[in-house]
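There are 2 protein chains.
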Amino acid sequence: MSGGLVLLMVGDELLDGRTRDTNSEWIIDRTREAGWHIAQIEVIADDVDLIASAISRHSERATAILVSGGLGPTCDDLTRDGLALAMGAELEFDTQVFAHIEALFVARGRPMSGSNRRQAMRPSAARVIDNPVGTAPGLLAEVAATPVALLPGVPTELKAMFEATLMGQFAPLLDGSAVPMRRLRTTGIAESTLADMVEDALSGDGQLDLAYCVSTWGVDILLRDPDPARLQHLAAVLHSSLDDLVFGERDSSLPGVVLEHLRALGQTVAMAESCTGGLLGAALTSVPGSSEIVLGGVIAYSNALKESLLDVPAGLLEAHGAVSEEIARAMARGVCARTGADWGISTTGVAGPGGGTKEKPVGMVCVGLCGPGLDATARTLRLSSGRDSVRRWSVATALDALRRGRLTWLR
Amino acid sequence: MSGGLVLLMVGDELLDGRTRDTNSEWIIDRTREAGWHIAQIEVIADDVDLIASAISRHSERATAILVSGGLGPTCDDLTRDGLALAMGAELEFDTQVFAHIEALFVARGRPMSGSNRRQAMRPSAARVIDNPVGTAPGLLAEVAATPVALLPGVPTELKAMFEATLMGQFAPLLDGSAVPMRRLRTTGIAESTLADMVEDALSGDGQLDLAYCVSTWGVDILLRDPDPARLQHLAAVLHSSLDDLVFGERDSSLPGVVLEHLRALGQTVAMAESCTGGLLGAALTSVPGSSEIVLGGVIAYSNALKESLLDVPAGLLEAHGAVSEEIARAMARGVCARTGADWGISTTGVAGPGGGTKEKPVGMVCVGLCGPGLDATARTLRLSSGRDSVRRWSVATALDALRRGRLTWLR
Chain H
7 MSGGLVLLMV
17 GDELLDGRTR
27 DTNSEWIIDR
37 TREAGWHIAQ
47 IEVIADDVDL
57 IASAISRHSE
67 RATAILVSGG
77 LGPTCDDLTR
87 DGLALAMGAE
97 LEFDTQVFAH
107 IEALFVARGR
117 PMSGSNRRQA
127 MRPSAARVID
137 NPVGTAPGLL
147 AEVAATPVAL
157 LPGVPTELKA
167 MFEATLMGQF
177 APLLDGSAVP
187 MRRLRTTGIA
197 ESTLADMVED
207 ALSGDGQLDL
217 AYCVSTWGVD
227 ILLRDPDPAR
237 LQHLAAVLHS
247 SLDDLVFGER
257 DSSLPGVVLE
267 HLRALGQTVA
277 MAESCTGGLL
287 GAALTSVPGS
297 SEIVLGGVIA
307 YSNALKESLL
317 DVPAGLLEAH
327 GAVSEEIARA
337 MARGVCARTG
347 ADWGISTTGV
357 AGPGGGTKEK
367 PVGMVCVGLC
377 GPGLDATART
387 LRLSSGRDSV
397 RRWSVATALD
407 ALRRGRLTWL
417 R
Chain D
7 MSGGLVLLMV
17 GDELLDGRTR
27 DTNSEWIIDR
37 TREAGWHIAQ
47 IEVIADDVDL
57 IASAISRHSE
67 RATAILVSGG
77 LGPTCDDLTR
87 DGLALAMGAE
97 LEFDTQVFAH
107 IEALFVARGR
117 PMSGSNRRQA
127 MRPSAARVID
137 NPVGTAPGLL
147 AEVAATPVAL
157 LPGVPTELKA
167 MFEATLMGQF
177 APLLDGSAVP
187 MRRLRTTGIA
197 ESTLADMVED
207 ALSGDGQLDL
217 AYCVSTWGVD
227 ILLRDPDPAR
237 LQHLAAVLHS
247 SLDDLVFGER
257 DSSLPGVVLE
267 HLRALGQTVA
277 MAESCTGGLL
287 GAALTSVPGS
297 SEIVLGGVIA
307 YSNALKESLL
317 DVPAGLLEAH
327 GAVSEEIARA
337 MARGVCARTG
347 ADWGISTTGV
357 AGPGGGTKEK
367 PVGMVCVGLC
377 GPGLDATART
387 LRLSSGRDSV
397 RRWSVATALD
407 ALRRGRLTWL
417 R
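Going down the list, the sequences are from chains H and D.
Numbering-wise (our numbering), the first sequence opens with residue 7 and increments by one.
Numbering-wise (our numbering), the second sequence opens with residue 7 and increments by one.
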């Protein structure tokens, strides 16, 4: 596909690992709903010739170009110079912009450095984009009849200026330029099993543009189709055949869905965490307003705390060991009794890398659940691939159990 | 700076938000110690002409080129074709590679698709790079005397092949090509205050190449200098003047440093969390081996649990409210008494976006600490900018208190 928006992210610090480029991710996310086609991303060094040649080259094909970074006051900040070179123009001093920068320094009671003069330089044909949060103004110009916008690289400034000015400027050119897409978010199912189910469900539907993407909570299905009606049809078929494996679309989060569900039921929850060490509570309480539904819980990393704070019988620990469905059930029951919550959810497992045995290897995790009209139940997961991943999938499984009101097998 | 490694990341899914490019980040991190200079990163669509022209253009300046993605079996996978076009060569069928792919499918008991033939195509002058974890082999060729490597985009495959083969191949060309860098990690100090201290400390040292980068735990100082001896001198000056504001270098994590410190002292810790909801426990238990030092704790989101699980007196809650230094102290004391840990650390605050009042606005957080020979103390933080950020800085402050064995003011 030709045309679309080209992103040029300028800065040595993006290439040597000092800073990660989060701006291009943010722009992709921010413009997805409006359907902007992002044609290419380049991360380039602070080099005036590289900046100018990238602008010139992309101006031949792109619908619009956004250059981010390199607008600061120091001699490394060469994006203005690069734009001027690409335009075949000179930089000129803008007294109005300079007065604005000067006023900002006065308002903040800080001395202005001579190098801030650089920030008031622009090609005369370029228009200024106001910066509501910092000193560096943005610029909007044309190269080979293609609009080129310059924004600062500081994320807060870029975002503010993108929202306030640039999105509106570029909308008529870019809205609806991308292939329409739907993102169906699933949990409780492995990627390969999911792919088989999707293939079966859509086997009569001809050529498909499908991708899978592992998320924090499970696997997302990404479905694209140039025909919005066909896309709608395909998504509906998937929703109906995958049923409650899909917990939401787009940016729904699994903790958010769980809390909405419990809020609708007027029920509360408490956590009893061993191997997840607080990660389950952190996930649930990451949602604004969670304090009405999440009472709290116990992080019982040691066996002694499982006994003293969750009333797990010492004999049960001796008989089955801490990582067992018996203990997961007792923990869920214990945290309900101690807190008065409607639902109790528990995790106990071997997160690794150490601590595994032949009977209870690294990645073995038991999740327990009890709730209204449900005697405590538990399931054992056998997860692989590292401590972080074991803890994260344990949390996803626990959240999914709360969403469904029952524990299911990971498919 | 000319030369260096150019990264070309190929795939529509990297541009439309279906997949985030994590490979370039990983390559930057992986090669930092060896000092590879990364000259440029391009994220480009599945388009044979774009791929070929990017390879040709960069072959004029780059020391080496790594192309990732587009080596799968489908008709979207055009990186092999792009390489052939840039080389002015034809793709030829490699019977040996095909036999290898066929054997893999037999071993896995899966039927081989006709399209897998594509994966055995290569320009005759290109050498095969073995793929130890998937079907797509990599390729190594030359364009305008510049080495060009093709690796799959699947992160596990890319990483395995990069480590096993490519890093060794490119090392003689790229080791030591970047400007040497040090990363000093600080916590407990605001970026602007830190910048003033750094400027004062290094004021006599002439031109500096400095950057600041906000991390999960605080602010990192990034210092570059072409002269390793001068870099060593500047880093030593900073270490001495910033003293214990610096908790480590490079990839040290604050939870890791805290646990090492407590392990050396033979002491244990327990958490009493309100506004952080488990995030502090999750941070501490993210470190392998933490179960010897972290006993566990209580997530007391509701006031009732602060009373019943942490023995916070009801009268104290009524008199001061849950978000107060009095309650933070009582929570720290309570979790020590309940768990027998040497150190108790607590958080209680208004994470927002709702729940703020004039006296106790969003971002007000009290952190409490008690420990060996230390009666319970508390400090109040006034944080800004969003629920996630308030919770994260509360955790950083709590961890820093454990590292120092005392609560300090955030500078």
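Note that beta-carbon positions come from the ideal geometry of N, C-alpha and C, so glycine has one too.
Around L244 (chain H), the same chain offers L190, V204, A207, L208, I227, L229, V252 as residues with beta carbons nearer than 8 Å, after the five sequence neighbours per side are excluded.
Here T69 (chain D) is near L11 (chain D), since their CB atoms are less than 8 Å apart. Distance from the CA of V149 (chain H) to the CA of R124 (chain H), rounded to the nearest whole angstrom, comes to 22 Å. Assignment of T363 (chain H) by DSSP, reduced to helix, strand and coil, places it in the coil class. The alpha helix (DSSP H) runs lying completely inside the stretch 88–138 of chain D and spanning 4 residues or more are 101–114, given in chain order. Taking the Cβ atoms as the reference, M370 (chain H) lies roughly 6 Å from R388 (chain H), within the contact range of under 8 Å. The beta carbons of G284 (chain H) and L285 (chain D) sit about 7 Å from each other, so the pair counts as a contact at 8 Å. The C-beta of I305 (chain H) comes closer than 8 Å to at least one C-beta of chain D. Around A126 (chain H), the same chain offers F99, D100, V103, F104, I107 as residues with beta carbons nearer than 7 Å, after the five sequence neighbours per side are excluded. Assignment of beta-bridge partners to A217 (chain D) by DSSP yields D:L228. Counting only runs of 4+ residues, the alpha helix (DSSP H) found wholly inside the stretch 284–320 of chain D occupies 285–291, 309–316, in chain order.
For G327 (chain H) and G355 (chain H), the gap between their C-alpha atoms comes out near 10 Å. The way I'd put it, the stretch 27–41 of chain D does touch the stretch 174–193 of chain D; three or more beta-carbon pairs between them come closer than 8 Å. Beta-bridge partners of W349 (chain D) (DSSP): D:V275.
Judged by DSSP secondary structure, S65 (chain H) falls within the alpha helix (DSSP H) whose first and last residues are 54–65.
In the structure shown, I195 (chain H) adopts coil according to DSSP, grouped into three states.
The beta carbon of G78 (chain D) sits closer than 7 Å to the beta carbons of A142 from its chain, once the five residues preceding and following it are set aside; these are given in chain order.
The CB of C372 (chain D) never comes closer than 7 Å to any CB in chain H; the least such distance is about 16 Å. At least one CB of chain H lies nearer than 8 Å to the CB of Q46 (chain D).
Between the stretch 10–27 of chain H and the stretch 50–62 of chain H there are three or more inter-stretch CB-CB distances shorter than 8 Å, so the stretches are counted as touching.
In terms of Cα proximity to A404 (chain D), the closest of D:D202, D:T162, D:I195, D:M277 is D:M277.
Residue state for G377 (chain D) is assigned as strand, using DSSP reduced to three classes. In this structure, D:S130 is the residue among D:L72, D:S130, D:G76, D:C81 with its C-alpha nearest to the C-alpha of G94 (chain D). Looking at D:L311, D:L408, D:G23, the one whose alpha-carbon comes closest to that of G374 (chain D) is D:L408. Relative to the Cα of L248 (chain H), the nearest Cα in the group H:A147, H:T199, H:S296 belongs to H:T199. Of the other Cβ atoms in all chains shown, fewer than 16 fall within 10 Å of the Cβ of S121 (chain D); this residue is therefore exposed. Taken through DSSP and simplified to helix, strand or coil, L260 (chain D) comes out as helix. Using beta-carbon distances, G295 (chain D) counts as an interface residue toward chain H, with a partner under 8 Å.
Closest in alpha carbon position to L164 (chain D), among D:L146, D:A235, D:G75, is D:G75.
In this structure, the CA atom of G361 (chain D) is about 54 Å from the CA atom of T85 (chain D). Chain-order list of chain H residues neighbouring R26 (chain D): E31, by C-beta distance under 7 Å. Out of H:A51, H:R398, H:A325, the CA that lies nearest to the CA of T353 (chain H) is found in H:R398. With respect to chain H, the C-beta atom of P232 (chain D) has no partner C-beta closer than 8 Å.
Close to chain D, meaning a Cβ-Cβ distance shorter than 7 Å, are the following residues of the stretch 198–229 of chain H: A217, C219, L228.
Any Cβ of chain H closer than 8 Å to the Cβ of S259 (chain D) would place that residue at the interface, and such an atom is absent.
Taken atom to atom, the span from the alpha-carbon of G358 (chain H) to that of L413 (chain H) is near 24 Å.
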